[in-house]
Amino acid sequence: MSNFAIEKLLWQACSNPADAGTFRAEPEAYLNNFRIDDEERALLLDWDVAGLADRGVNPMLLMMSFNAVAGKGDMMEYVTKINQPR
Amino acid sequence: MAEVVGGFLMPHNPMLAMARDVADRAQTKVVFDAFETIVQRVKDLNADTVIVIGDDHYTNFGPHCIPAYLIAIGDVEGPVEPFLGIERSPIENNVPLANHILKTGYGEGIDWAYAKALTVDHSVAIPYHLAVRDVPGLKTIPVYLNAGVDPLLPSRRAFQVGQSIRRAIESWEGDERVVVYGTGGISHWVGSTGMGRVNAELDQRILDMCVAGDVDGLIAMPDEMVEAEGGNGCLEIKNWICAMGAMPGAKADVIAYEAMQAWITGMGFAELKTAA
Numbered sequence: 064m065s066n067f068a069i070e071k072l073l074w075q076a077c078s079n080p081a082d083a084g085t086f087r088a089e090p091e092a093y094l095n096n097f098r099i100d101d102e103e104r105a106l107l108l109d110w111d112v113a114g115l116a117d118r119g120v121n122p123m124l125l126m127m128s129f130n131a132v133a134g135k136g137d138m139m140e141y142v143t144k145i146n147q148p149r
Numbered sequence: 003m004a005e006v007v008g009g010f011l012m013p014h015n016p017m018l019a020m021a022r023d024v025a026d027r028a029q030t031k032v033v034f035d036a037f038e039t040i041v042q043r044v045k046d047l048n049a050d051t052v053i054v055i056g057d058d059h060y061t062n063f064g065p066h067c068i069p070a071y072l073i074a075i076g077d078v079e080g081p082v083e084p085f086l087g088i089e090r091s092p093i094e095n096n097v098p099l100a101n102h103i104l105k106t107g108y109g110e111g112i113d114w115a116y117a118k119a120l121t122v123d124h125s126v127a128i129p130y131h132l133a134v135r136d137v138p139g140l141k142t143i144p145v146y147l148n149a150g151v152d153p154l155l156p157s158r159r160a161f162q163v164g165q166s167i168r169r170a171i172e173s174w175e176g177d178e179r180v181v182v183y184g185t186g187g188i189s190h191w192v193g194s195t196g197m198g199r200v201n202a203e204l205d206q207r208i209l210d211m212c213v214a215g216d217v218d219g220l221i222a223m224p225d226e227m228v229e230a231e232g233g234n235g236c237l238e239i240k241n242w243i244c245a246m247g248a249m250p251g252a253k254a255d256v257i258a259y260e261a262m263q264a265w266i267t268g269m270g271f272a273e274l275k276t277a278a
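Heads up: the sequence lines are chains A and B, in that order.
All residue numbers for the first sequence refer to the numbering used here, where the first residue is 64 and numbers rise by one.
All residue numbers for the second sequence refer to the numbering used here, where the first residue is 3 and numbers rise by one.
Written out as structure tokens, the structure is:
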């Protein structure tokens with residue numbers, strides 16, 4: 064598990080609209096640029112923010128990147144996902 | 003000689019800009035009245051410089067470089083986040099004093115990171131818009147503590163940074179009248195499991211410690227406990243602790259507190275006062 068790489072790819076998506084666009088349109092291709100394993104890739108492709116948070120990924124970054132890449136502009140969508148029963 | 007003439011504790015919740023109409027009206031009025039109270043008090047104190055102590059939200063600083071504590075010594079503008087709905091604009095810094103704080107720190111083991119050109123995030127921009135820009139002539143020195151990205155700045159070090167800021171001000175050749183703002187908190191869960199909760203009991207306990215001037219008690223609160231009971235956003239009390247470091251012996255007068263469910267935050271305001 065490399066939270067370093069995950070936080071790097073999420074932060075780049077938050078900071079660079081072009082990266083966010085690539086992540087949104089071609090997620091597999093975007094993730095290929097980073098050293099993550101298959102389990103991490105699956106969590107990211109599913110936007111399993113609860114699973115990623117449980118593994119120690121920074122929650123502020125999860126929230127911002129979800130909203131930048133995958134969210135539909137409704138904060139409650141993220142709140143529901145992060146608070147889902149484990 | 004320059005001096006620290008006052009200190010204030012306040013939230014920097016982005017909802018204050020992006021969602022001000024979604025909360026209970028009475029609570030919203032209390033909150034905005036509290037900011038107006040601070041503005042008036044800063045005017046009464048004839049302050050000309052404010053040190054706004056905030057924390058980055060994994061926005062300006064990324065995995066490649068996360069400063070433990072940083073001071074802006076040059077150009078400042080903000081905010082960096084378009085979603086706030088606030089037009090980005092210049093913020094006037096007090097460049098000579100900011101550089102003196104940096105160099106004073108270097109001389110006593112406070113190894114500041116620094117920014118020569120900084121676009122601040124909401125932790126400085128919100129206090130600026132609600133508690134600085136309406137005070138004519140008030141210049142802003144932004145300070146950032148790492149209260150949001152693990153591994154965090156220890157609270158004891160946040161306090162020592164505040165102490166160094168005070169020593170720097172008191173050794174400065176100018177005649178500035180400086181106020182310090184400790185921003186953020188109190189309980190809130192920022193993107194973390196529990197988001198939406200507010201722990202009013204913990205918020206009151208923290209405010210009571212501020213009223214008692216019990217900064218040692220605040221420093222002694224383990225980060226793990228603060229995060230478990232108050233959410234990751236509650237770790238921003240490190241910014242409050244830093245402000246208290248610049249106001250030795252100060253006790254807080256609470257200006258207002260509201261547990262804002264719609265804004266997912268316990269919103270606390272206080273003035274730090276030292277005995278005359």
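The C-beta atom is built at its ideal place from N, Cα and C for all residues, glycine as well.
{"Asked": "Residues that B:Lys253 bridges to, as DSSP identifies them", "Found": "B:Lys275"}
{"Asked": "Partners in chain A for B:Val228, counting only beta-carbon separations shorter than 7 Å", "Found": "Going along chain A, no residue has its Cβ under 7 Å from B:Val228, so there is no contact; the nearest lies around 15 Å."}
{"Asked": "Interface residues of chain B facing A:Val99 [CB-CB closer than 7 Å]", "Found": "Position check: residue 99 of chain A holds Ile in this sequence, whereas Val was assumed. None at all; the shortest Cβ gap to chain B is about 14 Å."}
{"Asked": "C-beta contact flag for B:Tyr130 and B:Val54 at 8 Å", "Found": "yes"}
{"Asked": "Proximity test, Cβ basis, 8 Å: B:Thr185 and chain A", "Found": "no"}
{"Asked": "Integer-rounded CB distance, given that A:Ser65 should sit under 8 Å from A:Arg98", "Found": "6 Å"}
{"Asked": "Sufficient close CB pairs (3 or more, under 8 Å) joining the segment 132-142 of chain B to the segment 34-52 of chain B", "Found": "yes"}
{"Asked": "Simplified DSSP state of B:Arg207, which is helix, strand or coil", "Found": "helix"}
{"Asked": "The ligand MG heavy atom lying under 7 Å from the CB of B:Phe85", "Found": "What this structure holds is no ligand at all, so the ligand MG is not there to describe."}
{"Asked": "Those runs of the beta strand (DSSP E) which lie wholly inside the segment 172-200 of chain B and span at least 3 residues", "Found": "179-185"}
{"Asked": "Local conformation of B:Ser91 per DSSP, three classes", "Found": "strand"}
{"Asked": "Rounded C-alpha distance that separates A:Pro80 from B:Asn15", "Found": "24 Å"}
{"Asked": "Pair within 8 Å by beta-carbon distance, B:Gly8 and B:Val181", "Found": "yes"}
{"Asked": "Close Cβ partners of B:Ile221 (< 7 Å) along its chain, the five nearest in sequence each way excluded", "Found": "Ser157, Arg158, Phe161, Ile243"}
{"Asked": "Residue nearest to B:Asn241 in terms of C-alpha spacing, selected from B:Glu273, B:Tyr146, B:Arg207", "Found": "B:Tyr146"}
{"Asked": "Contacting positions in the segment 195-211 of chain B - beta carbon closer than 9 Å to chain A", "Found": "Thr195, Gly196, Met197, Gly198"}
{"Asked": "Start-end ranges of the beta strand (DSSP E) lying completely within the segment 10-80 of chain B, minimum 3 residues", "Found": "51-56, 71-80"}
{"Asked": "Beta-carbon proximity check, B:Ala248 vs B:Arg179, cutoff 8 Å", "Found": "no"}
{"Asked": "Residue span of the beta strand (DSSP E) that contains B:Leu120, given as start and end", "Found": "115-121"}
{"Asked": "Residue span of the beta strand (DSSP E) that contains A:Pro148, given as start and end", "Found": "Looking at the DSSP string, A:Pro148 is not in any beta strand (DSSP E), and its letter there is neither H nor E."}
{"Asked": "B:Ile103: first and last residue of the uninterrupted beta strand (DSSP E) it sits in", "Found": "That residue, B:Ile103, is in no beta strand (DSSP E); its alpha helix (DSSP H) goes 97-109."}
{"Asked": "Sufficient close CB pairs (3 or more, under 8 Å) joining the segment 82-93 of chain A to the segment 135-146 of chain A", "Found": "no"}
{"Asked": "Secondary structure of A:Lys71, DSSP reduced to three states", "Found": "helix"}
{"Asked": "CB contact check: A:Ala116 to chain B, cutoff 8 Å", "Found": "yes"}
{"Asked": "8 Å Cβ cutoff, B:Asp64 in contact with chain A", "Found": "Reading off the sequence shown, one finds Gly at residue 64 of chain B, where the question assumed Asp. By this cut-off, B:Gly64 is an interface position."}
{"Asked": "Between the CA atoms of B:Leu47 and A:Leu73 - distance to the nearest angstrom", "Found": "44 Å"}
{"Asked": "C-alpha distance - B:Met3 paired with B:Val163, whole-angstrom precision", "Found": "20 Å"}
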